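These notes are about the structure you will find just below.
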Amino acid sequence: MLAIRLADRLHNMCTIAFVAPTRRYRVARETVDVIAPLARAAGLTDVSQELHDLSSGVLQPHPPPRSPHAR
Numbered sequence: 511m512l513a514i515r516l517a518d519r520l521h522n523m524c525t526i527a528f529v530a531p532t533r534r535y536r537v538a539r540e541t542v543d544v545i546a547p548l549a550r551a552a553g554l555t556d557v558s559q560e561l562h563d564l565s566s567g568v569l570q571p572h573p574p575p576r577s578p579h580a581r
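In short: position in the sequence shown from 1, add 510, done, that's the numbering used here.
Here it is, written out as structure tokens:
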């Protein structure tokens with residue numbers, strides 16, 4: 511059951527760009543606070559790291575790089 515839940519959340523995080531912004535933030539926060547640590551505790555460190563990385567992209571977005579020729 512845990513593997514199915516983690517796989518579903520990983521898929522949801524891969525497609526999170528298509529979710530409303532308020533829900534996107536809530537899902538990412540829940541993933542960082544609950545789901546990623548649960549994956550790590552289950553010994554799935556790669557899954558945990560991937561979930562954390564995807565969530566961080568939502569919670570701490572990087573501004574797009576500026577072109578050196580832009581004014």
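Even glycine gets a Cβ: it sits at the ideal position worked out from N, Cα and C. As the structure is a computational prediction, the values presented were derived from the model and not from experiment.
When the distance is taken between beta carbons, is residue j closer than 8 Å to residue i?
i: L516; j: A538; result: no
i: H572; j: A546; result: no
i: S558; j: M523; result: no
In whole angstroms, give me the CA-to-CA distance for residue i and residue j.
i: P574; j: A527; result: 16 Å
i: H521; j: R536; result: 16 Å
i: P531; j: T541; result: 15 Å
i: R534; j: L548; result: 20 Å
i: L554; j: P578; result: 41 Å
Alpha helix (DSSP H) containing residue i: first to last residue?
i: G567; result: T555 to L569
i: A517; result: L512 to C524
i: R576; result: Counting along the chain, R576 falls outside any alpha helix (DSSP H), and DSSP gives it neither H nor E.
i: A538; result: P531 to E540
i: A551; result: A546 to A551
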